[in-house]
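Undergrad: If you read the sequences in order, they're chains A and D.
Each residue of the first sequence is one higher than the last, beginning at 1 in the working numbering.
Each residue of the second sequence is one higher than the last, beginning at 1001 in the working numbering.
Every residue gets a Cβ at the ideal spot worked out from N, C-alpha and C, and that includes glycine.
If you're wondering where the values come from, they're calculated on a predicted model, not measured in any experiment.
I have a structure here, written as structure tokens, and I will follow up with some questions on it.
Number of protein chains: 2
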Amino acid sequence: MTQPMQISDMLCFSLYSASHAMTHLYRPLLAPLGLTYPQYLVLVALWAEDGQNLRQLGATLELESNTLTPLLKRMEEAGLITRTRSREDERMVLVSLTEKGRALQADSERITRCVLEASGLSIPEVIELRRKITALKQALSSFAEPVAG
Amino acid sequence: MTQPMQISDMLCFSLYSASHAMTHLYRPLLAPLGLTYPQYLVLVALWAEDGQNLRQLGATLELESNTLTPLLKRMEEAGLITRTRSREDERMVLVSLTEKGRALQADSERITRCVLEASGLSIPEVIELRRKITALKQALSSFAEPVAG
DNA sequence: CACGATTGAATCGCGCACGATCTAATTGGA
DNA sequence: TCCAATTAGATCGTGCGCGATTCAATCGTG
């Protein structure tokens, strides 16, 4: 007697498909810069703070070394960043912008404006929606690991 | 003079990370059933309407054959579905639930309840947030292809 | 100083996503 | 009736995500 659940009824699917739509929107904006969406996020993080190690970067982006290591190697290959072992602690890899990587920041404002326009939302609406989605993420994460931290 | 944009300021990142958090939450719920999250979505779609062809399924899940074909082959391999060519139109692959695939629906209510609890939201809050996220997705999609359709 | 525990990254394997291209079946107009 | 256009899937290549494991550097305690 369970009424048929529809994909479109599911909160999880709205997140899943909206996230894909966002990536899809970014793709043609980033392609001319030779960037993928996750690579762009790495640049955003480095523009805010250059020279982070992989772990810090991973904490910001919520990604681990198994994702970041190959991604950063591709970005190094593309001449966007450098990866160097820290002198003080040889375990850490420091990720730094090259001139080319830094220069791309000039394009980011235009891209951000384009995404805002595509969203059809006002700035306060964006802030409010972001707050709600981030709160949901926190709830989901803390439920998965109720005690840790 | 551009103040440093932070990853956490970006609406796109909230979607990106919340979607990952959702998948992360589902993983231990689906693992005992031998399912990945996209495979679970396929089952949800088939529970609502069995015997869809690949294209219909793709329209529902917003995925194309390049993603669905290998995914469905893995599900067929796992004994969850069958893939048969339509008699009327040999181009179409009809995707149907096996008894095993149908039986898993019994687990879905428990999973849905668990996800709702993890979200920390009331039912009306879920509906409202889902509506907002879906509206955003629509705006992003229609911006990418302003005229099509 | 020694050595087990911890930490930071890398590696491996697998399953999505998806742009681009290909093939086969069907349709439709001349 | 024929053949170009369309449609449904399949295939290929690349780049994430991520669980699991490994390895090397560092830390902490005796």
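According to DSSP, what are the bridge partners of residue 1133(D)?
TA: Taking the second sequence and counting its residues from 1, one reaches residue 1133(D) at position 133. According to DSSP, which records beta bridges pairwise, residue 1133(D) is partnered with nothing at all.
Undergrad: Beta-carbon of residue 1147(D) versus every beta-carbon of chain A: anything under 8 Å?
TA: As a working note, residue 1147(D) is residue 147 in the second sequence. Any reading at residue 1147(D) needs caution, since the residue's pLDDT is 48, under 50, leaving its predicted position unreliable; the model's value is listed next. Judged by the 8 Å Cβ criterion, residue 1147(D) is not in contact with chain A.
Undergrad: Using the Cα positions of residue 1110(D) and residue 75(A), report the straight-line distance between them to the nearest angstrom.
TA: Along the second sequence, read from residue 1 onward, the residue named residue 1110(D) stands at position 110. Along the first sequence, read from residue 1 onward, the residue named residue 75(A) stands at position 75. Going from the Cα of residue 1110(D) to the Cα of residue 75(A) covers about 43 Å.
Undergrad: Given this structure, state the Cα-to-Cα distance separating residue 25(A) from residue 1141(D), to the nearest angstrom.
TA: Locating residue 25(A) in the first sequence gives position 25, counting from the first residue. Locating residue 1141(D) in the second sequence gives position 141, counting from the first residue. Approximately 7 Å between the Cα atoms of the pair.
Undergrad: Using only the alpha-carbon positions, how far apart do residue 68(A) and residue 56(A) sit?
TA: To locate residue 68(A), count along the first sequence from 1; it is residue 68. To locate residue 56(A), count along the first sequence from 1; it is residue 56. Residue 68(A) and residue 56(A): Cα-Cα distance of roughly 11 Å.
Undergrad: Once DSSP output is grouped into helix, strand and coil, what is the label at residue 1110(D)?
TA: Mapped onto the second sequence, residue 1110(D) falls at position 110. In this structure, residue 1110(D) counts as helix in the three-state DSSP scheme.
Undergrad: Would you check if the stretch 95-113 of chain A and the stretch 34-54 of chain A touch, i.e. whether three or more CB-CB distances between them fall below 8 Å?
TA: Result yes; three or more Cβ-Cβ pairs closer than 8 Å.
Undergrad: With H, G and I counted as helix, E and B as strand and the rest as coil, what does DSSP make of residue 1001(D)?
TA: Walking along the second sequence from the start, residue 1001(D) turns up at place 1. Residue placement at residue 1001(D) is flagged as unreliable, the pLDDT there being 48, under the threshold of 50; the coordinate-derived value follows with that caveat. If DSSP states are grouped into helix, strand and coil, residue 1001(D) belongs with coil.
Undergrad: Output needed for residue 86(A): all residues of its chain with C-beta closer than 6 Å, excluding positions within five of it in sequence on either side, in chain order.
TA: Indexing the first sequence from 1 puts residue 86(A) at position 86. Cβ neighbours of residue 86(A) beyond the five flanking positions: 92, 94.
Undergrad: Tell me the DSSP bridge mates of residue 53(A)?
TA: Locating residue 53(A) in the first sequence gives position 53, counting from the first residue. According to DSSP, which records beta bridges pairwise, residue 53(A) is partnered with 94(A).
Undergrad: Run down chain A in chain order and give the residues with a C-beta less than 7 Å from the C-beta of residue 1102(D).
TA: The count along the second sequence starts at 1 and reaches residue 1102(D) at position 102. By Cβ distance, chain A contributes nothing, its closest Cβ being about 13 Å from residue 1102(D), past 7 Å.
Undergrad: Kindly give me the distance between the Cβ atoms of residue 1139(D) and residue 119(A), rounded to whole angstroms, as I take these residues to be in contact under 8 Å.
TA: As a first step, residue 1139(D) is located in the second sequence; it is residue number 139 there, counting from the start. As a first step, residue 119(A) is located in the first sequence; it is residue number 119 there, counting from the start. Contact flag correct, Cβ pair sits at about 6 Å.
Undergrad: Work out the CA separation of residue 133(A) and residue 1023(D) for me, nearest whole Å.
TA: Taking the second sequence and counting its residues from 1, one reaches residue 1023(D) at position 23. Taking the first sequence and counting its residues from 1, one reaches residue 133(A) at position 133. Straight-line Cα distance between these residues: approximately 15 Å.
Undergrad: Measuring straight from C-alpha to C-alpha, what distance separates residue 150(A) and residue 1112(D)?
TA: Any answer about residue 150(A) is impossible in this case: the structure gives chain A only from 1 up to 149.
Undergrad: Show which residues of chain A have a CB atom less than 7 Å away from the CB atom of residue 1031(D).
TA: For the purposes of this step, residue 1031(D) is taken as the residue at position 31 of the second sequence. Ordered by position in chain A, no residue passes the 7 Å Cβ test against residue 1031(D), which lies about 13 Å from the chain.
Undergrad: Applying the 10 Å Cβ sphere with the 16-neighbour rule, what's the burial state of residue 27(A)?
TA: The residue you call residue 27(A) lines up with position 27 of the first sequence. Flag for residue 27(A) reads exposed.
Undergrad: For residue 1083(D), which residues in the same chain have their Cβ closer than 7 Å to its Cβ, ignoring the five residues on either side in sequence?
TA: To locate residue 1083(D), count along the second sequence from 1; it is residue 83. 1072, 1076, 1093, 1095, listed in sequence order.
Undergrad: With distance defined between alpha-carbon atoms, name the residue in 102(A), 90(A), 62(A), 89(A) nearest to residue 79(A).
TA: Taking the first sequence and counting its residues from 1, one reaches residue 79(A) at position 79. Out of 102(A), 90(A), 62(A), 89(A), 102(A) has the C-alpha closest to the C-alpha of residue 79(A).
Undergrad: Taking buried to mean at least 16 other C-beta atoms within 10 Å of its own C-beta, is residue 137(A) buried or exposed?
TA: Counted from its first residue, the first sequence places residue 137(A) at position 137. It counts as buried.
Undergrad: Does residue 118(A) get closer than 8 Å to chain D when you measure Cβ to Cβ?
TA: On the first sequence, position 118 is the one that residue 118(A) refers to. True, the Cβ-Cβ gap to chain D drops below 8 Å.
Undergrad: So who's on the other strand from residue 85(A), going by DSSP bridges?
TA: Here residue 85(A) refers to the residue found at position 85 of the first sequence. Partner(s): 93(A).
Undergrad: Could you please tell me which residues of the stretch 43-63 of chain A, in chain order, have their CB closer than 7 Å to any CB of chain D?
TA: Of all residues in the stretch 43-63 of chain A, 44, 45, 47, 48, 60, 61, 62 have a Cβ within less than 7 Å of some Cβ in chain D.
Undergrad: For residue 127(A) and residue 1131(D), I'd like the C-alpha separation in whole angstroms.
TA: Working through the first sequence from its first residue, we reach residue 127(A) at position 127. Working through the second sequence from its first residue, we reach residue 1131(D) at position 131. Roughly 16 Å between the two C-alpha positions.
Undergrad: Counting along the chain, where does the alpha helix (DSSP H) carrying residue 1023(D) start and finish?
TA: Here residue 1023(D) refers to the residue found at position 23 of the second sequence. First-last of the alpha helix (DSSP H) with residue 1023(D): 1011-1030.
Undergrad: Give me the residue from 1114(D), 1015(D), 1051(D), 1038(D) with the minimum Cα distance to residue 41(A).
TA: If you number the first sequence from 1, residue 41(A) lands on position 41. Per the Cα distances, 1015(D).
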